[in-house]
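Here is the structure we will look at.
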Amino acid sequence: MPYPPDVADYATGLDQIRVAATEAGRDPGAITPSLFATVFVDEDPRRARREMTEYVESNYRLPMETISDIQVLITGTGEQVRERLATYVDAGARHIALRVGTLHQETWTEQLNQLAALPLPR
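Residues are numbered in our numbering as their position in the sequence shown, beginning at 1, plus a constant of 47.
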């Protein structure tokens, strides 16, 4: 379950997995391409970014910039989050696991409700 922040890197990695599967005598079509992404939805993109930064820096004890270079972190309005996830679907992702980027239980529940209502790409 890869999570490179660059969509082109995701697509390249998926191609490499398919080649490796073929070389190993496996059916590359039997592999479900997945993506792991941490998200935070808010109509105020700055507030979403602050919430994600608090989560990331508390969780990893590293600067947001460091983690955003190695993981998919998506913040913004519901439409912005949906559009960014759609780029990975276009690159081949078929199963997406979302983690909510917040430290606050009440906010986490609100985020789940927002994500459940979001028309995610298929």
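Built from N, CA and C at the ideal position, the CB exists for glycine as well.
Only a predicted model underlies this, so the values are computations on that prediction, with no experimental measurement involved.
Taking 7 Å as the limit between beta carbons, can you name the residues of its chain near L11, skipping five residues before and five after? Nothing about residue 11 can be reported from this structure: the residues present for the chain run from 48 to 169 only.
By the three-class DSSP mapping on this structure, what secondary structure does A84 have? strand
For a quick check, are the C-beta atoms of P92 and T124 less than 8 Å apart? yes
Considering only the alpha carbon of each residue, which of D53, T79, L132 and V88 lies closest to E157? V88
What's the gap between the Cα of V136 and the Cα of R108? 30 Å
Does the distance from the C-beta atom of L165 to that of V147 stay below 8 Å? no
T103: which of T149, D53, P49 and W155 sits nearest, CA to CA? Residue identity differs from the one stated: residue 103 is Val in this sequence, not Thr. Among T149, D53, P49 and W155, the Cα nearest to that of V103 belongs to T149.
Straight-line gap, T31 to Y50 (C-alpha atoms, nearest Å): Residue 31 lies beyond the stretch modelled for the chain, which goes from 48 to 169, so this question has no answer here.
Using the rule of at least 16 other Cβ atoms within 10 Å of the residue's Cβ for burial, across every protein chain shown, is M170 buried or exposed? Residue 170 cannot be examined here, being either before or after the span of the chain that is shown, 48 to 169.
Measuring straight from C-alpha to C-alpha, what distance separates E90 and R129? 13 Å
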